[in-house]
Each structure stands twice: as structure tokens, then as C-alpha cells.
Amino acid sequence: MALTWALAAAYVRYRTLPQMEGLLYGVKPVVAAVVLHALWNLGQKAVKDLATGLAAGLVAALAWLGVHELALLLLAGLGVMLGRRPRGTGAAAAALAWPAGGAVPGPAAIGASATGVGASATGASAPGAAAPGATVSAATGAAIPASAGATAPPATGAAIPAAAGAAAPAATGGQVFWIFLKIGSVLYGSGYVLLAFLQKELVERRSWLTAQQVLDAVAVGQMTPGPVFTTATFVGYLLAGHAGAALATVGIFLPAFVLVAAINPWVPRLRRSPWTAGFLDGINAASLGLMAAVAWHLGTAAVADGLTALLAVLSYAALARFRVNSSWLVAAGGLVGLLVRGIG
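Residue numbers (this note's numbering): 350 to 693.
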């Protein structure tokens, strides 16, 4: 996290230099491959039956149309919970089960430790490995290329405007903390779902950042060890300097500690409840849908030419076939970017 913080300061100071642009040029397609691989892994765990499959597809379509992500999470949870009809064994319940088995699994690891939030669901060292029932997992954000005219902010850590001449007011520390506290309270499914919340909240609603800056934040987050949630530290620094970095970090992790302490005594009962299992499975499916809705935008922003397309394909193959650690792929992509764009 300290490394992410330092990289955020370096990004603000040096982001217009050819070396920084070249580094990010090579890293972004690797990040796109990592997110796509995470989407595939989450899909294998989240789509357990017809109900969760339908929920994921509908959420992806509705998210594409602009429906609020919190509403989609809630509706998917309720839809799967009611669609499974836990108390019955009739035709309606049977129709929603795959032939391989219709047992409704209980939520896995609602009382997981707060440190497990980052390690299992959002760990950068094992991309895409998201526990389907983890208490706090996260969400995705679309990445769309920004206008080329953005100017570098001062090296003091002041907020970066969303676009040159944008009228949106600068973020305050209190606003940064509140936004990330809200996001940390509802993230579920995979750490990469964080991208969707960042895109919706900071780019589309408040215009504090450009979509390209969000993609840069994710790319820098992938350069460092630790959970995807460290991206919040980077974004917080862009919005409000050192205070923003600290407040964003506390805000996004605090709900994990509070929820673990509050829910842990109820875990045995929650595990036995098919209603709760259905609701959590629905939210997990919604997280998959949110990730799918932004995957295309992320890819088109990161893959700009033949070389970046090749980097993305090779990175995905290395992740899927050889299970290469994403940190090594990010480093390799950055090196290629430096050689091609950053030097000379």
C-alpha cells in the first residue's frame, strides 16, 4: 500500500513524461487480460444454476443501459433468493437447477477475516481468484480513453481535474472518505468489481477523474503486491493528495472490519439458511454481470494497436494456461512499453 501511495505521487509529478506514458502503454493491455481472466474465474464460481446465470446476464445488460449498480446488486440478490423458492421442491425449484445437482450452497466465508478480503478475493498475485461467498469482494469500472489534452497537476498532490477546463469542483477529504466507505460497504464478488463503482461514481456522476485516469490507477495498482483495493489509495491521492490517499484507504477497508465483527456471531445460522444463500449467490452473480458490462470498455481503452493486442492475448494465455503470476506479466508489459514508447 505504501508503494502504491509512492507511485501515485510519482504519477502526479511525472505522468506526462514519455517514460511514464510508455510504461502505462505496456501495462494497460496486461491489466485488461488480468481483468478478463478474473471475469472467467468468477463466472465459473458465480454461475451455479439457471437463476444465477440469468441474473448475471440481466445485470450486464441493465448496467450497460445505465441502471444504478446498487439497485442491480439488490435486485439480483432478491431475484435469485425468490426464484429458487428454498422452501419448496416443486417444479419451479427443480427447473432452476443444473442437471449436475441442485443443492443450494451456503455462503462461503461471510465471517472471513478482514485481511482475507484482499488476499483471497482481490489478490493481485492470484488474479481472478475470487471467493464466491466472500464477505467483501468487489466491483468493476469501465475504462474509456480520455481526451489527450489533460495537463499535469502540480507536484503537491492536488486533485487532477477530469478534463481540461472541467467545471467540477475539487474533492474534499471528507467526500473521498464517504465515497470509499460506501463502496467498501457494498463490494462483493471480486476485487475487480471496484472498477465499475469508480467509473460510475468518479467519472460519470462527479466528473472528478477521466476514465483513462481510472484505468491508469488500476494499472499502477497491478504493479504493486497486495489486493486490488490498493487502487483506492492511488485514486484517493489523485483526488485530494496525501489526505485523500489515507482517507480512501481507511474508507474502503473499514467496512470489512466492522462487518466481520458484526456478522461473525450469526455465521452458523446464515450458513444454514437457503434464503441467505440464495441472496448472496444473486449478489455474486450481479458482480459478475457488472464486470462483464465494463470488460469491453476496458479492453478498447487498453488495446490501442497491434502490439497492445498481442500483449493482451499473450498475457491472457500465460494466466490461463501457465498460471503465471500477474506481477511478472505487468512488469514485462511495462518493460515492453518503455522500450517501444518510453525510450527514443
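In this text, a Cβ means the ideal position worked out from N, Cα and C, and glycines have one as well.
Note that the coordinates shown come from a computational prediction; the quantities given were computed from them, not determined experimentally.
Let me confirm a value: residue 576 is counted as buried when at least 16 other C-beta atoms fall within 10 Å, else exposed. Which label applies?
So residue 576 ends up on the buried side.
Rounded to the nearest angstrom, what separates residue 636 and residue 622 at their Cα positions?
C-alpha separation (whole angstroms): 21 Å.
On a Cα-Cα basis, can you pick out the residue from 591, 540 and 684 that is closest to residue 391?
540
Can you round the beta-carbon distance between residue 582 and residue 568 to whole angstroms, since I take them to be within the 8 Å contact cut?
At roughly 14 Å, the Cβ-Cβ gap does not stay under 8 Å, so residue 582 and residue 568 are not in contact.
Residue 690 and residue 371 look like a contact to me (Cβ under 8 Å); what is the Cβ gap, rounded to whole Å?
3 Å between Cβ atoms; contact.
Report the option in 363, 588, 605 and 410 whose CA atom is closest to the CA atom of residue 634.
410
What residue range is occupied by the uninterrupted alpha helix (DSSP H) comprising residue 295?
Because residue 295 is not part of the residues shown, which for the chain are 350 to 693, the question remains open.
Between which residues of its own chain and residue 579 is the CB-CB distance below 7 Å, once the five residues before and five after are set aside?
Excluding residues within five positions, the ones whose Cβ falls inside 7 Å are 350, 353, 570 and 573.
Is it the case that the region 653-670 contacts the region 373-385, given that we only count it when at least three CB pairs across the two stretches are under 8 Å?
yes
Leaving out five residues before and five after residue 682 in sequence, what residues of the same chain have Cβ atoms less than 6 Å from its Cβ?
375, 376, 379 and 660
Would you mind giving the Cβ-Cβ distance between residue 561 and residue 650, rounded to the nearest angstrom? I have them listed as a contact below 8 Å.
7 Å
With distances taken Cα to Cα, identify the nearest neighbour of residue 609 among 584, 588, 522 and 534.
534
Among 680, 673 and 587, whose alpha-carbon lies nearest the alpha-carbon of residue 386?
673
Can you look up residue 649 in the DSSP assignment and give me helix, strand or coil?
helix
What residue from 667, 611, 566 and 628 has the CA that sits closest to residue 359's CA?
Comparing Cα-Cα distances from residue 359 to each of 667, 611, 566 and 628, the minimum goes to 566.
Taking 8 Å as the cut-off, decide whether the C-beta atoms of residue 381 and residue 668 are in contact.
no
Give me the residue from 685, 526 and 558 with the minimum Cα distance to residue 361.
558
Within 10 Å of its beta-carbon, does residue 447 have 16 or more other beta-carbons around it, so buried, or fewer, so exposed?
Legend: pLDDT at residue 447 = 42, less than 50; position of this residue unreliable, value from coordinates given subsequently. Flag for residue 447 reads exposed.
In this structure, how does DSSP classify residue 354 when only helix, strand and coil are distinguished?
helix
Report buried or exposed for residue 365, applying the criterion of at least 16 other Cβ atoms within 10 angstroms of its Cβ.
exposed
According to the neighbour-count rule (16 or more other Cβ atoms, all chains shown, within 10 Å of its Cβ), is residue 654 buried or exposed?
An exposed status is given to residue 654, since fewer than 16 other beta-carbon atoms sit within 10 Å of its beta-carbon.
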